[in-house]
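Asker: One structure, pasted below without further comment.
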Amino acid sequence: MKFKNLLFALTIILTINACKKNDSPAPVEPAPNTTTPNPTQYVTDNSFKIVAYMPSYRDPNTVSDAKYKMITHLFYAFLSPNASADGSLMALPQQARFSAVQQKAKANNVKFGISISIATGVTEATFAAVAKSETARANLVKNIVTFAKNNNLDGVDMDWEYPRTENGNPNTDFTLLMKELSTELHKVNKFLSAAITPAVYTSTNKDAIQTEVYQYVDFFNIMQYDGPGYDSTEPLNHASMKMTEASLNVWLNTKAMPKEKAILGMPLYGKDNAGASIGYREIEASGADVTLNVATVNGKTYGYNGITLIKAKTQKAKERANGIMFWEFSHDTNNDKSLIRAANDQLGRTY
Numbered sequence: 001m002k003f004k005n006l007l008f009a010l011t012i013i014l015t016i017n018a019c020k021k022n023d024s025p026a027p028v029e030p031a032p033n034t035t036t037p038n039p040t041q042y043v044t045d046n047s048f049k050i051v052a053y054m055p056s057y058r059d060p061n062t063v064s065d066a067k068y069k070m071i072t073h074l075f076y077a078f079l080s081p082n083a084s085a086d087g088s089l090m091a092l093p094q095q096a097r098f099s100a101v102q103q104k105a106k107a108n109n110v111k112f113g114i115s116i117s118i119a120t121g122v123t124e125a126t127f128a129a130v131a132k133s134e135t136a137r138a139n140l141v142k143n144i145v146t147f148a149k150n151n152n153l154d155g156v157d158m159d160w161e162y163p164r165t166e167n168g169n170p171n172t173d174f175t176l177l178m179k180e181l182s183t184e185l186h187k188v189n190k191f192l193s194a195a196i197t198p199a200v201y202t203s204t205n206k207d208a209i210q211t212e213v214y215q216y217v218d219f220f221n222i223m224q225y226d227g228p229g230y231d232s233t234e235p236l237n238h239a240s241m242k243m244t245e246a247s248l249n250v251w252l253n254t255k256a257m258p259k260e261k262a263i264l265g266m267p268l269y270g271k272d273n274a275g276a277s278i279g280y281r282e283i284e285a286s287g288a289d290v291t292l293n294v295a296t297v298n299g300k301t302y303g304y305n306g307i308t309l310i311k312a313k314t315q316k317a318k319e320r321a322n323g324i325m326f327w328e329f330s331h332d333t334n335n336d337k338s339l340i341r342a343a344n345d346q347l348g349r350t351y
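Residue numbers (the UniProt record's numbering): 1 to 351.
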């Protein structure tokens, strides 16, 4: 009987322990991580830049593949807003050329972008109307960013020629457009540049750009050309060193633009006293001494930037700015007298 009682007691104890073990809570599986990873933070590229523009009306085959190794950034020009001023975009001109130029740029590690500017029926007033309307402005920003993403661009250049002052005050609509476009482009790791006036002439566009804009734009392509007569000692030179220095003084000193955002613009074409233009490749092909800044071609005399001046301006950019820009790519030669090549030589670059 004692044995039966002992056996019964042991059975009860084992049963209770088994129940306790079975009643233990099951291990809790860690919750899956549903947090969306933060996108890569945009980082501004402050390296020295060599920028060129390629207009849609030029044959890409006029530029040798080797020339792409002499630049860091290339903009296809242009994509334009519609004249309706609702923020929609016109169709891209010459899609096949766009694709060909982009392919060559990418093959040579050149950052490729689109330049937004005027077109037939689209004027400065169109840009002004779009920028003034909150709805149209947002629509333009959305459409530009969508175009940049769909075409795998590295960035966008805003070539509004030109925002004007409003009753003598800076153009706040331009500021808003740049702020909103910059915000959306940087979200998808694409840069924003702007082509701007040399600001050496008294006009309604000289003081239109607020210093606030500097923080939104990655770099500014300062168009330091089309100013014949600025230097009385070189009346035909529409892009004299005197004009370049004056422009840099205005933007860097008077207007306090950060040096790392300033790109010194140079022409690859000449102009006569009637304003007619000729590409540098035609000047060089005529047999002219291209170390000079004046040449006579087919009986007409043109002022332009020769090899010596291009090298001097490139050195000036190295000292005072953070890059050089050329309008436009196809105007240059493909031989050893290339102006873009001369600039590269001055910088000590290999290509």
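Ideal Cβ positions, reconstructed from N, Cα and C, are used throughout, including at glycine.
#1: By the DSSP assignment, the alpha helix (DSSP H) with Thr175 in it spans what residues?
#2: Since I believe Asn221 is in contact with Gly265 (beta carbons under 8 Å), could you give me their beta-carbon distance rounded to a whole number of angstroms?
#3: Using only CA atoms, which one of Phe147, Val141 and Ser203 lies nearest to Phe98?
#4: Can you tell me where the alpha helix (DSSP H) holding Leu153 begins and where it ends?
#5: Output the distance between the C-alpha atoms of Ile71 and Ala83, rounded to the nearest integer angstrom.
#6: By a C-beta neighbour count over all protein chains shown, 10 Å radius and 16 as the cutoff for buried, is Asp157 buried or exposed?
#7: Here's the rule: buried if 16 or more other CB atoms are within 10 angstroms of the residue's CB, otherwise exposed. What is Tyr280?
#8: Work out the CA separation of Tyr53 and Phe75 for me, nearest whole Å.
#9: Do the CB positions of Ala131 and Phe78 come within less than 8 Å of each other?
#10: How should Thr123 be labelled, buried or exposed, when 16 other C-beta atoms within 10 angstroms of its C-beta is the threshold for buried?
#11: Within its chain, find whatever has a CB closer than 7 Å to the CB of Ala9; leave out the 5 residues flanking it on each side and keep chain order.
#12: Indicate the three-state DSSP secondary structure (helix, strand or coil) for Glu166 in the structure shown.
#13: With which residues is Trp327 paired in a DSSP beta bridge?
#14: Considering only residues of the segment 210-296, which uninterrupted alpha helix (DSSP H) runs meet the minimum length of 4 residues and lie entirely inside it, listed in chain order?
#15: Tell me, which residues are paired with Met158 by DSSP?
#16: With DSSP run on the structure shown, which of helix, strand or coil describes Met70?
#17: Does DSSP classify Phe127 as helix, strand or coil?
#18: Count the other CB atoms within 10 Å of the CB of Asp336; is the residue buried (16 or more) or exposed (fewer)?
#19: Three-state secondary structure (DSSP) at Ala208?
#20: Could you name the residues of the same chain whose beta carbon sits closer than 6 Å to that of His73, not counting the 5 residues immediately before and after it, in chain order?
Answerer: Taking the structure as given:
#1: Thr172 to Lys187
#2: 6 Å
#3: Phe147
#4: Premise fails: Leu153 is in no alpha helix (DSSP H) and is neither H nor E.
#5: 33 Å
#6: buried
#7: buried
#8: 5 Å
#9: no
#10: exposed
#11: Its pLDDT being 46, under 50, Ala9 is placed unreliably in this model, and the value from its coordinates should be taken loosely. Within the same chain, Ala9 has no close Cβ partners at all.
#12: strand
#13: Pro267
#14: 241-248 and 280-285
#15: Ile116 and Ala194
#16: helix
#17: helix
#18: exposed
#19: coil
#20: Lys49, Val51 and Lys111
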